[in-house]
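Student: Numbering-wise (the numbering used here), the sequence shown opens with residue 843 and increments by one. Even glycine gets a Cβ: it sits at the ideal position worked out from N, Cα and C. No experiment lies behind these values; they were computed from the predicted model shown.
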Amino acid sequence: MKKNWPLWEIFVRSKNGLEHRHFGSLHASDAEMALENARDVYTRRNEGVSIWVVESKNITASNPDDNGELFEPAQDKVYRHPTFYELPDDVKHM
843 MKKNWPLWEI
853 FVRSKNGLEH
863 RHFGSLHASD
873 AEMALENARD
883 VYTRRNEGVS
893 IWVVESKNIT
903 ASNPDDNGEL
913 FEPAQDKVYR
923 HPTFYELPDD
933 VKHM
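#1: With respect to 7 Å, is the separation between the Cβ of LYS857 and the closest non-hydrogen atom of the ligand HEM below this value?
#2: For the alpha helix (DSSP H) that contains GLU861, what are its first and last residues?
#3: Assuming VAL891 and TRP850 are in contact, meaning their beta carbons sit under 8 Å apart, how far apart are those beta carbons, in whole angstroms?
#4: Determine the direct distance from the alpha carbon of PHE853 to that of ASN879, and round the result to whole angstroms.
#5: Which stretch, first to last residue, makes up the beta strand (DSSP E) that contains GLU897?
#6: Decide if PHE913 is buried, meaning its Cβ has at least 16 other Cβ atoms within 10 Å, or exposed.
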C-alpha cells in the first residue's frame with residue numbers, strides 16, 4: 843500500500859512586507875523537503891525573504907458558520923478600534 847505524503851501550508855514574507863502571507867499548499871515527506879519545494883514553487887523570482895511551512899493537520903481553524911459568536915464579543919470593545927488613537931508622524935508601517 844502506497845502512503846501519501848502529508849500536506850503542508852506555505853507562508854512567505856515578501857521583501858517589502860512585514861508579515862507572512864499564505865501562498866498555497868504542497869505535499870512533502872517532511873518539513874525540510876516542504877521548505878525546499880516551497881522555495882522552488884513560490885519564490886522563483888526572489889520575491890521572498892522568509893518561508894514558513896506548517897503541516898496542515900497542525901492548523902486549527904474557526905468554523906465560518908460560528909463567526910457571529912466568535913467575533914461578537916469584540917464589537918463591545920470599541921477601544922480596540924484604531925479610531926481612538928492618533929499616530930505620531932514618526933510611526934511607520936501601521
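Tutor: Reading off the structure:
#1: Absence of the ligand HEM is noted for the structure shown, with no ligands found whatsoever.
#2: Neither: GLU861 is in no alpha helix (DSSP H) and is coded neither H nor E.
#3: At roughly 19 Å, the Cβ-Cβ gap does not stay under 8 Å, so VAL891 and TRP850 are not in contact.
#4: Pairing ASN879 with PHE853, the inter-Cα distance amounts to about 12 Å.
#5: Looking at the DSSP string, the run of the beta strand (DSSP E) that includes GLU897 is 890-897.
#6: Residue environment analysis places PHE913 among the exposed positions, since fewer than 16 neighbouring C-beta atoms fall within 10 angstroms of its C-beta.
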